[in-house]
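Take a look at the structure below.
Chains as they are written, first to last, in the working numbering: chain A, 5 to 350; chain B, 325 to 445.
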């Protein structure tokens, strides 16, 4: 099928809760695609602002559930019932797309076994310490890690902010589950467990708004960390049967715990015990290793200055990440306290 | 001179190994006549990226060895002393790879145990 035809058989879902500030730009970026979708549905998830009116003014279908669905997954599932096209895409209400993002992403469905596809994520705004840290994180991950995962057929997550699905496969999974706080990870690993394929298309680029201050970053990191822990607990047996995913997750879980303990406990302890600040080098010793791929990508994107000025923020965010991941694993696995409240990151 | 891979975490090592493995996989496929230029290009790109990362780590080691006083002893591979037939520096480099190998073996073993458990039930 030609890619233009594929987009004509595509519905884009945009779950939105109090997104007056961003939803118009998101809708505009979808409507201005090289291959626009057949339909755009904005789910105004019982917003208290005029998100629905702003969306309606852009000429898209707006659905409003009778009460707040409680999560992004809930909002997306509410709209999934109305989808009549072969493909469905979910985009966050604060995420804009590169003009050819949909055209590029739909290439992934050449393979009939592909159930989902995701693209590259670059923060739209890179100004504050938190946005800069996230910018470097994403550049590194989407330049180095994700293409490797895709080569071995197992991208770790089909990112919730911008992913496309075969509607029948998605419905076969029951849509997006609300049993964890990371519905995108849950869906991706569930697709793998039943033999479906997921692809990463680096040329399809989206630009979400990332948390700009610690208050919002805290909420997002808490959600992501608990979501990760919940998915490990939920899927560990199935994941063991998928060799590459098994290896990725074993390393990921161990790193999450051991490296976090090293950063937060071991390094400060060694510094104090031996009264030698040389141990603090450990926080930055991999700076050149991190620099290499992000500088390469920064030069490709003509953003070298932005990359170099954002590097210090990455090291701050990395340590902050450690706090939340340790708290999440402690809470979910040791204390048996599962976080169920979905809080937005802005 | 040996340079270790300190403080990068097992995740970094895992992906570095994977990047080079991509090249091996695609080279074998090419020899067998199963040529996929996109996959081959990706394998080369990621391998070059991995080689770049390893090079920067090695250069970091050289720079640190140059500026740090040698009485910091075995903290850095280049300052390590020989102990019998095994250099500490070799151990420092090998340890993360051994840890990775052990972890992956453990995960595989766990898979086998779970699989046997399922078939028994």
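The C-beta atom is built at its ideal place from N, Cα and C for all residues, glycine as well.
Using a C-beta cut-off of 8 Å, the segment 160 to 174 of chain A makes no contact with the segment 301 to 314 of chain A, since fewer than three inter-stretch Cβ pairs fall below that distance. Exposure of residue 70 of chain A is indicated by the presence of fewer than 16 other C-beta atoms within 10 angstroms of its C-beta. Counting the other Cβ atoms within 10 Å of the Cβ of residue 439 of chain B gives fewer than 16, which makes it exposed. Per DSSP, residue 124 of chain A is one residue of the beta strand (DSSP E) stretching across 118 to 125.
Judged by DSSP secondary structure, residue 42 of chain A falls outside any beta strand (DSSP E); it is assigned neither H nor E.
Inter-residue distance for residue 227 of chain A and residue 177 of chain A is about 23 Å (C-alpha atoms, whole angstroms). For a Cβ distance threshold of 7 Å, nothing in chain A lies close to residue 416 of chain B: the least Cβ distance comes to about 13 Å.
A check of alpha carbon separations from residue 22 of chain A across A/98, A/139, A/277 identifies A/98 as the nearest.
Taking 8 Å as the CB threshold, residue 365 of chain B stays off the interface with chain A.
About 6 Å separates the Cβ atoms of residue 366 of chain B and residue 151 of chain A, confirming a contact at the 8 Å cut-off. Put simply, the segment 341 to 350 of chain B touches the segment 368 to 375 of chain B. At least three CB pairs are less than 8 Å apart. Across the set A/183, A/120, A/60, the C-alpha of A/183 shows the shortest separation from the C-alpha of residue 345 of chain A. As for any alpha helix (DSSP H) of minimum length 4 sitting wholly inside the segment 77 to 145 of chain A, the runs are 105 to 109, 133 to 144, ordered along the chain. In the structure shown, the three-state DSSP call for residue 206 of chain A is strand. Contacts between residue 426 of chain B and chain A, judged by CB atoms closer than 8 Å, are missing: the closest CB pair is about 10 Å apart. With its beta carbon at least 8 Å from every one in chain B, residue 322 of chain A lies outside the interface. Per DSSP, the unbroken alpha helix (DSSP H) holding residue 318 of chain A starts and ends at 308 to 333. For residue 155 of chain A, the enclosing alpha helix (DSSP H) has its first and last residue at 150 to 155.
At least 8 Å separates the CB of residue 348 of chain B from every CB of chain A.
Counting of Cβ neighbours within 10 angstroms places residue 430 of chain B among the exposed residues, the total staying below 16. Within the same chain, and ignoring the five residues on either side of residue 424 of chain B in sequence, the residues whose Cβ sits closer than 8 Å to its Cβ are 334, 337, 338, 341. Residue 376 of chain B has a beta carbon lying within less than 8 Å of a beta carbon in chain A. A contact between stretches requires three or more CB pairs, one per stretch, nearer than 8 Å, and the segment 104 to 117 of chain A meets this requirement with the segment 199 to 206 of chain A.
Counting along the chain, the unbroken beta strand (DSSP E) around residue 65 of chain A starts and ends at 65 to 67. Bounds of the beta strand (DSSP E) holding residue 14 of chain A are 14 to 20. Under DSSP, residue 48 of chain A shares a beta bridge with A/20. It is roughly 12 Å from the alpha-carbon of residue 218 of chain A to the alpha-carbon of residue 328 of chain A. The segment 19 to 33 of chain A and the segment 44 to 61 of chain A touch, with three or more beta-carbon pairs separated by less than 8 Å. According to the DSSP assignment, residue 26 of chain A belongs to no alpha helix (DSSP H), since it is labelled neither H nor E. Residue-level contact by beta carbon fails for residue 354 of chain B and chain A, as no gap is shorter than 8 Å.
Proximity of chain B to residue 152 of chain A at the Cβ level (cut-off 8 Å) is accounted for by 339, 342, 343, 346, 370, in chain order. When the beta-carbon positions are compared, residue 435 of chain B and residue 250 of chain A come within less than 8 Å of each other. Apart from the 5 residues on each side of it in sequence, residue 231 of chain A sits with its Cβ closer than 7 Å to the Cβ of 184, 185, 186, 189 in its chain, given in chain order. A check of alpha carbon separations from residue 13 of chain A across A/247, A/34, A/91, A/58 identifies A/91 as the nearest. When C-beta atoms of the segment 311 to 327 of chain A are compared with those of the segment 134 to 149 of chain A, three or more pairs fall below 8 Å, so the two segments count as touching. Taking the Cα positions, residue 340 of chain A is about 11 Å away from residue 234 of chain A.
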